[in-house]
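Residue numbers (mature numbering (1 follows the signal peptide of the UniProt record, and there is no 0)): -26 to -1, 1 to 374.
Don't be surprised by glycine CBs; every beta carbon is placed ideally from N, CA and C.
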């Protein structure tokens, strides 16, 4: 290889290294942002323009500058109190329910969340809810790169072609300067010849292998982080039951069907008898309602597919959160009353639960059990009593 070609190969590797660095930084930001978003934001916000408890976050980086977003995440009440027009409009639009402050999330982490939101909206739309067959395993969490990875790889391919063309031009100019003009050879033929030279070069081969290993390693790590996380899982149920119709349009209280929601360790799956309280007279001719009749006639339970499922190593008491903690269903399950097919909206990971315990105020009003705890806490702190202050971060609370 002559000196000029060797210089061009070094130029190629410099570009490859720069590209890999940019790619790794962007991918890492989006991956970190995905984890932070699912653990802290997904219970109240979607990464699209869908309104949940709060507004959808699609395009948030375009609507507001990053400095404003950081201030809002750290202390939304302070931004509202400052008279900020956008903050007050948002506050009033959502019935004056203030967002939980997250002072522990750094500016860099907030930028990662915004990067994840932008990347997820650049990706193709997800399949419609219910696309997973009944009884099938829940899908693993998707790789965070999405369309961003495809675009970056595409840019890499274009860059390689540009460098091959540059190599051809340099080679031609070299021949012209040395009196070895080969004007008869077509440009594409010269490009092909130089591409073969590059492909045969051991340094180029090594660089391509290293880059492929980096991509493969990142994909493997992303997949490993998704093991056991079933966020977005929306299995097809044996009977097409619409929560949007029952809980939304007809406003049937959750406790009517899920009888343990306020009193039991679990919310309970409704039996066919509960369905028959209404459907012994309503829409009896419906093919879906006929499935309830068949279950009763055969004395068999309806084989509902569980959506929200914690591992056996984690203890969770439903009534402790809904009855004592006064949490609403949407805090963990999202807007159930808007779902035709129920999906797991939150990640339900340990980190997600821990963050909730760190940021949630204890519902102590009217509960004499907490009076002494609140009194002791207020002596040493001006902040509200949080779940973490009453043992919410102790391992034995959930694992024993």
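Which word fits residue i, buried or exposed, when buried means at least 16 other C-beta atoms lie within 10 angstroms of its C-beta?
i: residue 325; result: exposed
i: residue 352; result: exposed
i: residue 9; result: buried
i: residue 284; result: exposed
i: residue 228; result: buried
i: residue 190; result: exposed
i: residue 401; result: Residue 401 is absent from the model: the chain starts at -26 and stops at 374.
i: residue 274; result: exposed
i: residue 341; result: exposed
i: residue 254; result: exposed
i: residue 90; result: buried
i: residue 50; result: buried
i: residue 258; result: exposed
i: residue 71; result: exposed
i: residue 280; result: exposed
i: residue 55; result: exposed
i: residue 52; result: exposed
i: residue 136; result: exposed
i: residue 317; result: buried
i: residue 37; result: exposed
i: residue 194; result: exposed
i: residue 33; result: exposed
i: residue 206; result: buried
i: residue 197; result: exposed
i: residue 162; result: exposed
i: residue 354; result: exposed
i: residue 138; result: buried
i: residue 363; result: buried
i: residue 296; result: buried
i: residue 166; result: exposed
i: residue 359; result: buried
i: residue 13; result: buried
i: residue 61; result: buried
i: residue 315; result: buried
Report the residue from the options whose alpha carbon sits nearest the alpha carbon of residue i.
i: residue 357; options: 263, 62 and 77; result: 77
i: residue 81; options: 13, 51 and 42; result: 42
i: residue 188; options: 348, 327 and 127; result: 127
i: residue 85; options: 373, 7, 271 and 191; result: 7
i: residue 201; options: 321, 57 and 210; result: 321
i: residue 182; options: 192, 294, 130 and 196; result: 130
i: residue 248; options: 167, 39 and 230; result: 230
i: residue 88; options: 15, 294, 373 and 327; result: 15
i: residue 83; options: 265, 11, 37 and 63; result: 11
i: residue 226; options: 38, 44 and 311; result: 311
i: residue 371; options: 136, 339, 294 and 192; result: 294
i: residue 367; options: 47, 327 and 186; result: 327
i: residue 134; options: 60, 172 and 162; result: 172
i: residue 361; options: 374, 347 and 373; result: 347
i: residue 298; options: 271, 354, 46 and 337; result: 337
i: residue 301; options: 235, 252 and 349; result: 235
i: residue 377; options: 196, 197, 139 and 208; result: Past the boundaries of the shown model lies residue 377; the chain is included only from -26 to 374, so the question cannot be answered.
i: residue 270; options: 124, 246 and 75; result: 246
i: residue 233; options: 315, 25 and 244; result: 244
i: residue 4; options: 75, 192 and 169; result: 192
i: residue 375; options: 282, 339 and 276; result: With the chain covering -26 to 374 only, the question about residue 375 has no answer from this structure.
i: residue 79; options: 373, 63 and 47; result: 47
i: residue 252; options: 277, 73 and 224; result: 224
i: residue 210; options: 25, 278, 74 and 186; result: 278
According to DSSP, which residues form a beta bridge with residue i?
i: residue 335; result: 360
Counting contacts by CB-CB distance shorter than 8 Å, is residue i in contact with chain B?
i: residue 360; result: You won't find chain B in this structure, because it holds only one protein chain.
| request: Mind the definition here: the stretch 218 to 226 touches the stretch 322 to 332 only if three or more C-beta pairs lie below 8 Å; say whether that holds. | output: No, because fewer than three Cβ pairs between the stretch 218 to 226 and the stretch 322 to 332 fall closer than 8 Å, the two stretches do not touch.
| Touching by the beta-carbon criterion (3+ pairs, under 8 Å), the stretch 301 to 308 and the stretch 195 to 214 | No, the stretch 301 to 308 does not touch the stretch 195 to 214.
| Contact between the stretch 21 to 40 and the stretch 83 to 99: three or more CB pairs below 8 Å? | Verdict: yes, contact present.
| task | State whether the stretch 287 to 296 contacts the stretch 230 to 246, with contact taken as three or more CB pairs (one from each stretch) at a distance under 8 Å. | result | By the criterion of at least three beta-carbon pairs nearer than 8 Å, the stretch 287 to 296 is in contact with the stretch 230 to 246.
| Three or more C-beta pairs closer than 8 Å, one from the stretch 28 to 35 and one from the stretch 62 to 74: is that the case here? | Counting Cβ pairs under 8 Å, three or more are found: they touch.
| request: Tell me the start and end of each unbroken alpha helix (DSSP H) in the stretch 233 to 287 that is at least 4 residues and wholly inside, in chain order. | output: Listed in chain order, the complete alpha helix (DSSP H) runs (minimum 4 residues) inside the stretch 233 to 287 are 246 to 253 and 261 to 271.
| field | Within the stretch 165 to 204, ranges of the alpha helix (DSSP H) (whole runs, at least 4 residues) | value | Secondary structure within the stretch 165 to 204: the alpha helix (DSSP H) runs of 4 or more consecutive residues, fully enclosed, are 176 to 199 (chain order).
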